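Using this note's numbering, you'd call the opening residue of the sequence shown number 25 and step up by one each time.
For glycine and all other residues, C-beta sits at the position ideal for the given N, C-alpha and C.
Because the structure is a prediction, the values reported are computed rather than measured.
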Amino acid sequence: MASNPPSRSSRGRARGRGGAPSENQSPPRPQTQGPRPQTQGPRPQTQGPRPQTQGPRPQTQGPRPQTQGLGQQVSRPQASRPQTTRQQAPITQTKQTTESSNIEEITQGVLNIRTAKDECHSEVSISRGAMHGRGMMNNDILLVKPEKARIKGKEGQFGNPVALLSNYFPISAYTDWVLYQYRVDFSPEEDRFIVRKGLLGAHQKRLGAYIFDGTMLFSSRKYEPKTFELTSKRYDDTMIKVTITFTTVLDPCHYAHIQVFNLILRNCLRSLNLQQIGRNFYDAKAQIKIPNHKITLWPGYETSIVLSDSGLLWRTEISTKVMREETVFDFFVECLNNSKRNPGWMETFKAGVIGQTVMTRYNNASYKIDDVDEKANTQSTFEKKDGSKMSYVDYYKQKWNITLKGGKQPMLVSKKQRALKSLDDKSSEDLIYLVPELCSMTGFTDEMRNNFTTMKAVSEYTRIGPRDRINRYYNFHKRMKSTPEAMESLKNWNLGLKEKLVEIKGRMLPPELIYTVNESYDGGFECDWSRKITTKPMFKTASLSRWVILYPERIDYREFVGSLMKVSYEMGMRLPNPDMILMHDTQIRYYSQILEQIINEKNPSFILCIVSSSRADIYNLIKKKLCVDRAVPSQVVLSKHVSIVKLSIVTKIVVQINCKLGGAPWKVAIPLAKHMILGFDVCHDKQKKNISYGALVATMNDSQTSFYSCVERHESGQELSAFFGATITKAMLKYKELNGCFPLGIIVYRDGVGDGQISHVYQSEVTAIKKTCNVLCKDNSPGLAFIIVKKRISTRFFINDRAGFRNPAPGTIIDTVVTYPTM
Numbered sequence: 025m026a027s028n029p030p031s032r033s034s035r036g037r038a039r040g041r042g043g044a045p046s047e048n049q050s051p052p053r054p055q056t057q058g059p060r061p062q063t064q065g066p067r068p069q070t071q072g073p074r075p076q077t078q079g080p081r082p083q084t085q086g087p088r089p090q091t092q093g094l095g096q097q098v099s100r101p102q103a104s105r106p107q108t109t110r111q112q113a114p115i116t117q118t119k120q121t122t123e124s125s126n127i128e129e130i131t132q133g134v135l136n137i138r139t140a141k142d143e144c145h146s147e148v149s150i151s152r153g154a155m156h157g158r159g160m161m162n163n164d165i166l167l168v169k170p171e172k173a174r175i176k177g178k179e180g181q182f183g184n185p186v187a188l189l190s191n192y193f194p195i196s197a198y199t200d201w202v203l204y205q206y207r208v209d210f211s212p213e214e215d216r217f218i219v220r221k222g223l224l225g226a227h228q229k230r231l232g233a234y235i236f237d238g239t240m241l242f243s244s245r246k247y248e249p250k251t252f253e254l255t256s257k258r259y260d261d262t263m264i265k266v267t268i269t270f271t272t273v274l275d276p277c278h279y280a281h282i283q284v285f286n287l288i289l290r291n292c293l294r295s296l297n298l299q300q301i302g303r304n305f306y307d308a309k310a311q312i313k314i315p316n317h318k319i320t321l322w323p324g325y326e327t328s329i330v331l332s333d334s335g336l337l338w339r340t341e342i343s344t345k346v347m348r349e350e351t352v353f354d355f356f357v358e359c360l361n362n363s364k365r366n367p368g369w370m371e372t373f374k375a376g377v378i379g380q381t382v383m384t385r386y387n388n389a390s391y392k393i394d395d396v397d398e399k400a401n402t403q404s405t406f407e408k409k410d411g412s413k414m415s416y417v418d419y420y421k422q423k424w425n426i427t428l429k430g431g432k433q434p435m436l437v438s439k440k441q442r443a444l445k446s447l448d449d450k451s452s453e454d455l456i457y458l459v460p461e462l463c464s465m466t467g468f469t470d471e472m473r474n475n476f477t478t479m480k481a482v483s484e485y486t487r488i489g490p491r492d493r494i495n496r497y498y499n500f501h502k503r504m505k506s507t508p509e510a511m512e513s514l515k516n517w518n519l520g521l522k523e524k525l526v527e528i529k530g531r532m533l534p535p536e537l538i539y540t541v542n543e544s545y546d547g548g549f550e551c552d553w554s555r556k557i558t559t560k561p562m563f564k565t566a567s568l569s570r571w572v573i574l575y576p577e578r579i580d581y582r583e584f585v586g587s588l589m590k591v592s593y594e595m596g597m598r599l600p601n602p603d604m605i606l607m608h609d610t611q612i613r614y615y616s617q618i619l620e621q622i623i624n625e626k627n628p629s630f631i632l633c634i635v636s637s638s639r640a641d642i643y644n645l646i647k648k649k650l651c652v653d654r655a656v657p658s659q660v661v662l663s664k665h666v667s668i669v670k671l672s673i674v675t676k677i678v679v680q681i682n683c684k685l686g687g688a689p690w691k692v693a694i695p696l697a698k699h700m701i702l703g704f705d706v707c708h709d710k711q712k713k714n715i716s717y718g719a720l721v722a723t724m725n726d727s728q729t730s731f732y733s734c735v736e737r738h739e740s741g742q743e744l745s746a747f748f749g750a751t752i753t754k755a756m757l758k759y760k761e762l763n764g765c766f767p768l769g770i771i772v773y774r775d776g777v778g779d780g781q782i783s784h785v786y787q788s789e790v791t792a793i794k795k796t797c798n799v800l801c802k803d804n805s806p807g808l809a810f811i812i813v814k815k816r817i818s819t820r821f822f823i824n825d826r827a828g829f830r831n832p833a834p835g836t837i838i839d840t841v842v843t844y845p846t847m
């Protein structure tokens, strides 16, 4: 089986103890003109083609950051923040003619406090999810409960008890498990990680099982003496002295424990002959072909080790990877064929592949595409180790016996971060160039997701019932236990796996009462009251004076509009007869023109657009025009829902129209008065990676049915927005304008935070909110609850009773066993 290709830089690099890289490699960057940067010391010998850089490498600005080892705090140089104009999304204007300047003044004041050098903490460059790779954060488990809290513990009592099972296997330790940290130094100095790893690996028998990140070594063994020296021979016969020095015993709550455990787990999974794609592992030999839809499914597993209230747990979840027969080159040809209708076809191609994961057909290696190099193609050349030049066409013919047939197709670029940068290397990335013709696309397209037949065929294999899912957990556990290499790896670290999934005592809350304008009803255990709302008046209905329905040709809209008027009347909302506007041309460029014309001539309060297909470009154009340019509430409806009218869909459309006009379909009882509940998240632009948008939505009344929204644009690539304090300021000032006072308490729901970021969120964002409240409210600062929401989780729960295994109902609470020890 071919191994994954090593990452490539502008230098050849040795592997292991001075050995050469594997023969199974993807070629490097294409060769262009420009001098090669000089390396320090002798160059290690490598096999296979060696890339030639494209021109001189640009010099980095500012001092070079000091690379830290595993378990060390990473210190990064602080770049000056560019001056940007923050744009707020359009909102309905109120009596605020004298408030706007004050808002901007106070907002800027809070922003200055947040970013003051002597006040804010050093920032760590992180994105959605936890930190990956070899680098580890010096981060203890954060205790998030206030020291003076009156409530002891976190386990509640309200609700009916329910017995649950979860997808976690307990991990046992044969001895009292301790993680020791050692510093490793090399003399003469050696900066290349792969060489350092090989020099240390020569003493594997003496050192036993360990994790090494280039600077720090982690082991469950205590070495004696505390400082000792070893000697290794480098690939060029130079004798290198390796000094290992004990530094500390890491606290059990140190975040490095979990990261070391997951590195151990990753080594175990590799011994099962599974293919790693991203962070998950898949079984290529057990693939399922669906030829009618040109799809192949790879069954696999998403696994990790977590620290919980009950100790260490191994979480395993079923995962399926979708492999398409379509190659990237096929998609390139499709975009090229549409070049006459779409002048920006190359940008369409880039948008379709950048950020996607592809699989190389010749060695089943996966890569995430970061860029497309239009100037390079299969005829481009790179420099081999002997100085000769070779084209990609010749390389694949000689290396893999593959004849490329796609002509001058642009090359795909995948960036691979290196854990440790050499002092003579100014780049932190290796660029791997891939041929589109040899890269299979993965995942679903929008067209596939909207194809009922395709999704039904896939769901036959991916939709697994509770009993079958639990059986697959145990089968995977059995496979792990029956693989000697995997169990030996765990044993070397004094670890083992227990036989049964964890059992949990949960609680089930009673159904909530749903309140309308004059009555209430039970929401049900399944939290589905969609049938009841069709015959009940909504809690608050908005008024609509004039609205427009834009529809394409050959659409019979009469039954749909009649149902819309009837359902809205029964729900307490009176819709006037709409102005019907026929679209003779449904090309994308025509939408902007006709919408502008409708707004100028009709001045509607609402626009409903009927579209023939779920094309993302048309939807985005409509929303941009009516949300950003002209600020008119709108609703987009597919023509298939107009041709075949369903009461459930019509009801949902009426609810959305009412909400977008300021109404509220229902409410639930909120016991806290004068409290503001808000949600905040950050979205990163996939194409312009240095641009992000922070969005905040906050409630403005006690029934929690009126909202204020704010969008901020900034040029930081970080998930932790520096503008959090500024957006909170705007929301609180708006609350005071509508209620005459600031809220007594604030409840924040924060999305998109990984486990490794919790401490940083507490130090930055929570601090920013507190400072904002202190500036605005002086001595009457409101109470604060900050809740981190994690939607993308792989934890599963199952009710285990006499009826067998089934999924728990909404309202089930789990606050023990598998929860994090943070309170």
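Residue interval of the beta strand (DSSP E) (run including residue i)
i           : result
residue 201 : Where residue 201 is concerned, there is no enclosing beta strand (DSSP E), given that its DSSP letter is neither H nor E.
residue 501 : Counting along the chain, residue 501 falls outside any beta strand (DSSP E), though it belongs to the alpha helix (DSSP H) covering 490–505.
residue 562 : No beta strand (DSSP E) holds residue 562; DSSP gives it neither H nor E.
residue 808 : 807–813
Residues that residue i bridges to, as DSSP identifies them
i           : result
residue 463 : 384
residue 407 : 413
residue 486 : DSSP, once it has assigned bridges, lists no residue as partnering residue 486.
residue 194 : 337
residue 683 : Beta-bridge pairing links residue 683 to no other residue.
residue 830 : 823
residue 185 : 531
residue 546 : 537
residue 707 : 717
residue 630 : 571
residue 609 : According to DSSP, residue 609 bridges with nothing at all.
residue 614 : Residue 614 is not bridged to any residue.
Expected contact under 8 Å - CB spacing of residue i and residue j to nearest Å
i           : j           : result
residue 348 : residue 319 : 6 Å
residue 330 : residue 337 : 5 Å
residue 526 : residue 190 : 5 Å
residue 268 : residue 256 : So it is not a contact: roughly 12 Å between Cβ atoms.
residue 698 : residue 726 : 7 Å
residue 368 : residue 564 : Actually they do not touch by this definition, with Cβ atoms about 44 Å apart.
residue 295 : residue 510 : 5 Å
residue 736 : residue 723 : Not confirmed; about 19 Å, so no contact.
residue 809 : residue 771 : 5 Å
residue 387 : residue 434 : Wrong, their Cβ atoms sit about 21 Å apart, outside the cutoff.
residue 223 : residue 186 : No, residue 223 and residue 186 are not in contact; Cβ-Cβ is about 55 Å, not under 8 Å.
residue 326 : residue 304 : 5 Å
residue 795 : residue 749 : 6 Å
Alpha helix (DSSP H) segment containing residue i, residue limits
i           : result
residue 284 : 279–294
residue 751 : 748–763
residue 850 : Any property of residue 850 remains undetermined from this structure, which presents the chain solely from 25 to 847.
residue 271 : Looking at the DSSP string, residue 271 is not in any alpha helix (DSSP H); the run it does join, the beta strand (DSSP E), is 263–273.
residue 306 : Counting along the chain, residue 306 falls outside any alpha helix (DSSP H), though it belongs to the beta strand (DSSP E) covering 304–306.
residue 801 : 791–801
residue 636 : Here residue 636 belongs to no alpha helix (DSSP H), and DSSP marks it neither H nor E.
residue 592 : 582–594
residue 775 : Segment 769–775 is the beta strand (DSSP E) holding residue 775; no alpha helix (DSSP H) there.
Item to check | Validate contact between the region 655–670 and the region 490–509 using beta carbons, cut 8 Å, 3 pairs | outcome: no
Next on the checklist: Taking contact to mean 3 or more Cβ pairs, one atom from each stretch, closer than 8 Å, check whether the region 603–615 and the region 564–578 are in contact.
Outcome noted: yes
Checklist entry - Is there contact here, the region 462–474 with the region 360–367, by at least three beta-carbon pairs under 8 Å? => result no
Next on the checklist: Under 8 Å, with one C-beta from each stretch per pair, do the region 476–496 and the region 827–839 reach the 3-pair mark?
Outcome noted: yes
Next on the checklist: Contact between the region 536–556 and the region 276–283 is defined here as three or more beta-carbon pairs at a separation below 8 Å; is this criterion met?
Outcome noted: no
Checklist entry - Where in the region 289–365 do unbroken runs of the beta strand (DSSP E), each at least 3 residues long, occur, reported from the N-terminal end onward? => result 299–301, 304–306, 312–314, 319–332 and 335–351
Item to check | Sufficient close CB pairs (3 or more, under 8 Å) joining the region 606–625 to the region 688–708 | outcome: no
Next on the checklist: Below 8 Å, how does it come out for the region 239–249 and the region 178–188: are there three or more Cβ pairs, yes or no?
Outcome noted: no
Checklist entry - So, do the region 368–380 and the region 417–425 have three or more beta carbon pairs nearer to each other than 8 Å? => result no
Checklist entry - Are there three or more Cβ pairs, one per stretch, closer than 8 Å when the region 772–781 is compared with the region 806–822? => result yes
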